[in-house]
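Enquirer: Mind having a look at this structure? Questions to follow.
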Amino acid sequence: MKKTMLVWLLLAVTGGFCYLLQLIYGAGITNMHNFLPWGLYIAGFMIFTGIAAGSLLLAGSAWLVDELAPFRPLGKIMTFAGVFGGLAGAGLFIMVDMGNPQRGIYMLLSPNLSSPQVWDAMILSLYGLVGSCFMYRLWQFYQGKITAAKVKPVAGLAVIAGLMVVVTSFAFVLLVSSPGWNNPGEALSFLFAALIAAFAVQLLVLQHLRLVKYIELEQKVVSWLAGSMIVLLTLELLYIAAETAIGLYAPYGEEAAGVHWQLMGKGAPFYWLTILVSMAAIGSLGRSYWRMGSYLALLSVLLIKYNLLQTEQLNPLLPYAGPSVYNPPALGIYVPSLVEWGTAIGIAAAVCLMVAMAFIRYKKFFVVQGAWK
């Protein structure tokens, strides 16, 4: 465990150095540009937001559905690792995506309530508030201070808050200038992706805690998480296939350029890699390779968000003014720079380190009779 935490620390420090370079030299050292301002950092933000939302949904549902009762003793672990770890990661990714982090203060001082970005910030705040209340109720319950009936109302709020992850999709769905985003079905895809990411993270965390002999983990918990990811990955693949089929129906049209670019153009390697990774994740989980399947599921979600971003930004509905060299198709594909990768990996490592240190430092808080050794 100490060696793993040391690796996380080194990666986090490296990520901090990469971000410092970005602050000093500007966003020009990344591979984002005026035509593609949303890249790896926004993909990371969406993934960590999904982890927070999906974890709330899972932890809350355990108290409302008797079939999920084996998850109840793990509620504080899942809520802290998923919700607060997810919020920390999402916040850091938004910070590094800003050219100047101080600009974030403008949203607090003069928020535009008609902006989906402001809605997203409000939803993230809701996750933190509901997550804190839920953990407090769980602590009271396991201290014998309240009954299960007192936990269920807050669990219901956790489920509702988790479903609000669809609000994150509004920053894309409401953009009529991007046909591939301006699709009501995208909200459902965001929900699928959030649950996949959350379940993958929870499976990795719980399996690791069992490995280091912190908890006793029922096999039905592992099987349920793996089985749910298989179903969700299949649904996500079906959604991608349906969206592609609709775009291919007519040789010309608003969505045709993006779909052809994905299937047979410069974006094809990323598109088909997404399909292969998703199928590999399903196969690994189905054969009980839990760890490999979870990592592949997370990679699948990253690729889905990555394709979502670059396809529409590099295939706009209307071309930009000026010579063709200034238009996105002439710019090829988007591949994150080493600085972007270093910063993103550093953020993920910092979140892992934070969660691990909290579990070690406040072990007594997370201890639940019958679930811990």
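Going by my numbering, the sequence shown runs without a break in its numbering and finishes at 472.
Backbone N, C-alpha and C define an ideal beta-carbon position, used for all residues, glycine too.
Owing to the predicted nature of the structure, the values given are computational and were not obtained by experimental measurement.
#1: Please name the residue in Asn-281, Gln-301 and Val-264 whose C-alpha comes closest to that of Ala-152.
#2: Starting from Glu-439, trace the alpha helix (DSSP H) in both directions and tell me its first and last residue.
#3: Taking DSSP as the reference, what is the three-state secondary structure of Ile-314?
#4: Taking 7 Å as the cut-off, does the CB of Tyr-405 come closer than this to any heavy atom belonging to the ligand COA?
#5: What are the boundary residues of the alpha helix (DSSP H) that Ser-224 is part of?
#6: Pull up the distance between the alpha-carbon of Ala-396 and that of Gly-203, whole angstroms please.
#7: Considering only the alpha carbon of each residue, which of Leu-262, Leu-273, Gln-306 and Arg-309 lies closest to Leu-287?
#8: Which of helix, strand or coil does DSSP assign to Leu-163?
#9: Determine the burial state of Gln-301: buried for a count of at least 16 other Cβ atoms within 10 Å of its Cβ, exposed for fewer.
#10: Can you give me the Cβ contacts of Gly-385 inside the same chain, cut-off strictly under 7 Å, excluding the 5 residues immediately before and after it?
#11: What are the boundary residues of the alpha helix (DSSP H) that Gly-255 is part of?
#12: My understanding is that Ile-381 touches Thr-333, with C-beta atoms under 8 Å, so please give their C-beta distance in whole angstroms.
#13: Provide the residue span of the alpha helix (DSSP H) that contains Trp-360, from first to last.
#14: Taking the Cβ atom as the reference point for each residue, do Asn-414 and Gly-357 lie within a distance shorter than 8 Å?
#15: One question on the structure: do Met-197 and Ala-220 come within less than 8 Å of each other, judged by their Cβ atoms?
#16: List the DSSP bridge partners of His-132.
#17: Quick check on DSSP: helix, strand or coil for Gly-172?
#18: On the DSSP letters alone, give me the boundaries of the alpha helix (DSSP H) that Asn-406 sits inside.
#19: According to DSSP, is Met-197 part of a helix, a strand, or is it coil?
#20: Between which two residues does the alpha helix (DSSP H) containing Val-182 stretch?
Expert: On the basis of the data shown:
#1: Nearest C-alpha to Ala-152: Val-264.
#2: 437-460 is the span of the alpha helix (DSSP H), which, as asked, contains Glu-439.
#3: strand
#4: The ligand COA is not among the ligands present in this structure, which contains no ligands whatsoever.
#5: Per DSSP, Ser-224 belongs to the alpha helix (DSSP H) from 215-241.
#6: 32 Å
#7: Leu-262
#8: coil
#9: buried
#10: Here the set comprises Ile-329.
#11: From DSSP, the alpha helix (DSSP H) with Gly-255 extends over 247-262.
#12: Yes, they are in contact, since the Cβ atoms of Ile-381 and Thr-333 sit about 7 Å apart, within 8 Å.
#13: 355-362
#14: When the beta-carbon positions are compared, Asn-414 and Gly-357 come within less than 8 Å of each other.
#15: no
#16: Leu-135
#17: According to the sequence as given, residue 172 is Pro; it is not Gly. In this structure, Pro-172 counts as helix in the three-state DSSP scheme.
#18: 389-412
#19: coil
#20: Run containing Val-182: none; DSSP gives neither H nor E here.
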